[in-house]
Amino acid sequence: MLNSSEILYKKYKDARDAAWNTLILFNVDKLPVSVGVIFKKLGITVGKYSNKEMPIAIKRSDLAETALLQRAFTVYSDNNPLVFYNEATPISELRFSLAHELGHLLLSHSPSHWNQNAPTRKSIEIDANRFAVRLLSPACVLKEMNITDKNEIAKLCGLPLSEAGERAKRLKALAKRNLFLKSELEKQVLEQFYPILPYSSNNSDKSPESTLPSSLKSNGETPDSP
Ligand SMILES: [Zn+2]
């Protein structure tokens, strides 16, 4: 049986790995990440609303009264998720909010947990945020691009400044403990982003292979090697 710190670590790891898997599965190779494209590939409809126009699916849901206070949320129609965003939301916050909703869906958070009063509500919100920030600002990519400042992170990843500030702190902590590229999944993410990494443009005499970080050079192992 897992003890409580092991359970917390597992929850963190699940959200982190889901973000990496999503980047890999949907072939994301540039920043800012387009969350709209991922929803489209998943076949999930994303609609907007405003105080002038409230879609019927929202009117029918128990969120009708509070919709204008929210940035985005998911409702279910015949078991199909429909994601809605408030048209008044600034773009960086909207990107984060949509990534957060995607996190709920891909981490299989059941709608019954979304009730404000459900005991699990706080913890699934934390997990959805963890997923969102890791999807939108993959640490290994920022490190390879030498991006450490919160303003640069906000600009490059299209993140709200508050989230970018947290990400900057996290990058510092990861660097201090040398925790980058410890996972095969993270290595795959970095390889996928190779076109936007700064290596080869200034080193045209070097082949891409010779300019990859040593941890990514092919060593004959498959990604599934132990
Ligand atoms: Zn949420």
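With the first letter of the sequence shown counted as 1, position 64 gets the number 496 in this note's numbering; the numbers rise by one all the way through.
Even for Gly, the Cβ is constructed at its ideal location relative to N, Cα and C.
Given the structure is predicted, the values throughout are model-derived calculations rather than measurements.
Of the heavy atoms belonging to ligand 1, none sits nearer than 7 Å to the Cβ of A607. Rounded to whole angstroms, the separation of the alpha carbons of Q620 and I558 is 25 Å.
Selection L474, N511, L526 and W452 evaluated against Y517 yields L526 as nearest (Cα-Cα). For Y508, the three-state secondary structure derived from DSSP is strand. Residue list for ligand 1: E557 and A560 (CB closer than 5 Å to any heavy atom, chain order). Using a 10 angstroms sphere on the CB of Y481, the tally of other CB atoms reaches 16 or more, which defines it as buried. According to the DSSP secondary-structure assignment, N518 is paired through a beta bridge with Y481. The residue from A451, L603 and S436 with its alpha-carbon nearest to that of H532 is A451. Just measuring C-alpha positions, the residue of K445, E438, S437 and Y441 sitting nearest L617 is K445. For T580, there is no enclosing alpha helix (DSSP H), as DSSP gives it neither H nor E. Counting only runs of at least 4 residues, the region 526-553 fully encloses no alpha helix (DSSP H) element at all. Setting aside the 5 residues that flank it on each side, P570 is surrounded in the same chain by V621, each with a C-beta closer than 6 Å to its C-beta; the list follows chain order.
Counting along the chain, no alpha helix (DSSP H) covers A499, and no H or E run does either. No Cβ-Cβ contact shorter than 8 Å links V573 with F612. In the displayed model, P627 falls within a helix according to three-state DSSP.
Sequence-distant Cβ neighbours of C589 in its own chain, meaning closer than 6 Å and more than five residues away, are L463, P464, L568 and S569. With respect to L538, T477 sits apart: the two C-beta atoms are not nearer than 8 Å. For the region 566-615, the full-length alpha helix (DSSP H) segments reaching 4 residues or more read 571-576, 582-589 and 593-608 along the chain. In the DSSP annotation of this structure, L463 is not part of any alpha helix (DSSP H), being labelled neither H nor E.
For L434, no alpha helix (DSSP H) encloses it, and the DSSP letter there is neither H nor E.
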